[in-house]
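Residue numbers (this note's numbering), protein chains in the order written: chain A, 1 to 58; chain B, 1 to 210. From the three backbone atoms N, C-alpha and C, an ideal C-beta is built for every residue, glycine too. Small disclaimer: the values here were computed from a predicted structure and weren't measured. As structure tokens, the structure follows; a few thoughts come after it.
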Amino acid sequence: MGNANKSGNDREDIGSDPIAAALKQMHDAVTNEELPDDFLRLLEEIDLKIASNNVVRG
Amino acid sequence: MIAQEIIDPDKQFRAQLVGLLPSLRSFSRGLCGHREMADDLAQDAMMRAWAARASYAQGSNFRAWMFMILRNQFYTTIRKNARTTSLDPEVAERLLVVAPAQQNGINVEDVAKALQQLPAEQREVLLLIGANGLSYDEAAEIIGCAIGTVKSRLARGRIALSALIDGPANGGLFASSQPQVKQGKGHDAAKERSDALRVPTATKLIAAAR
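Structure representation (structure tokens):
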């Protein structure tokens, strides 16, 4: 581990702590979930807005 | 010949937003302890950010900006609705949908439950730094406080979380862990952050429980 933090990435050291590792695991469990449909619908709304803005701009 | 492409700022903003959604959902879930409520909050933050995209300075820290919006929305919501903060831990356990797993002897579900019993100001720091891997600087920017405040909240949150999980009487879960190392000149920030997340001594755990 020694100089692993020189780059500013301390994941390695934090990973050695069980509570930090559990927090990271909770985080990973959510980030690995498929994005729910509600979010996809909002992104579609944004796409429509972008498209309509581009039409207005010509 | 290189085609000159005009980058649409809205498309650029959307791409950044999409890339951040998983982390945003995770932060929201950790804050709320309730899956549906957390997703509602994340969606709300997403649309608020879109509406306020003109105020985002291109090239600045998009993640910090988005997390700040979500955090502000969270506190607005809990002010309006007290039930968010008084969520039954057993309900939180069912709704968190964290796969039962052990991390070096720690049950992740226990950590998830204990996290919901912490004051929000400690919980958010643990989530930002411990779960999302943000720096002290970023966490301070999001919360709108000094770096020293972030550090002390992280230390207090860490002690309280350990005490909640295992109780102070047992001297913490990881009695064999080394105590915090005294810092000398030249210590780097990452090492300091790592030390702050380490398991405290039994004495500190007992003091925290009083």
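Neighbourhood of residue i by C-beta distance below 8 Å, restricted to the same chain and skipping five residues each side
i: residue 146 (chain B); result: 140
i: residue 20 (chain B); result: 62, 63 and 66
i: residue 72 (chain B); result: none
i: residue 28 (chain B); result: 38, 39, 41, 42, 45, 70 and 74
i: residue 17 (chain B); result: 46, 49, 50 and 66
i: residue 56 (chain B); result: 13, 49, 62 and 65
6 Å Cβ shell around residue i - same chain, five flanking residues per side excluded
i: residue 128 (chain B); result: 134 and 139
i: residue 75 (chain B); result: none
i: residue 68 (chain B); result: 142
i: residue 124 (chain B); result: none
i: residue 34 (chain A); result: none
Spatial neighbours of residue i in its chain, beta-carbon cut-off 7 Å, leaving aside the 5 residues before and after
i: residue 131 (chain B); result: 26 and 30
Per-residue burial, residue i [other beta carbons within 10 Å of its own, 16 or more giving buried]
i: residue 41 (chain A); result: exposed
i: residue 56 (chain A); result: exposed
i: residue 114 (chain B); result: buried
i: residue 42 (chain B); result: buried
i: residue 154 (chain B); result: buried
i: residue 59 (chain B); result: exposed
i: residue 38 (chain A); result: exposed
i: residue 7 (chain B); result: exposed
i: residue 12 (chain B); result: exposed
i: residue 33 (chain B); result: buried
Presumed contact (8 Å Cβ cut-off) between residue i and residue j, rounded CB distance
i: residue 23 (chain B); j: residue 31 (chain A); result: 6 Å
Contact with chain E by residue i, beta-carbon distance below 8 Å
i: residue 37 (chain B); result: Considering every chain present, this structure includes no chain E. Its protein chains are A and B.
Are the stretch 30 to 50 of chain A and the stretch 36 to 46 of chain B touching, with three or more C-beta to C-beta distances below 8 Å? Taking a cut-off of 8 Å on C-beta distances, the stretch 30 to 50 of chain A touches the stretch 36 to 46 of chain B, as three or more cross pairs fall below it.
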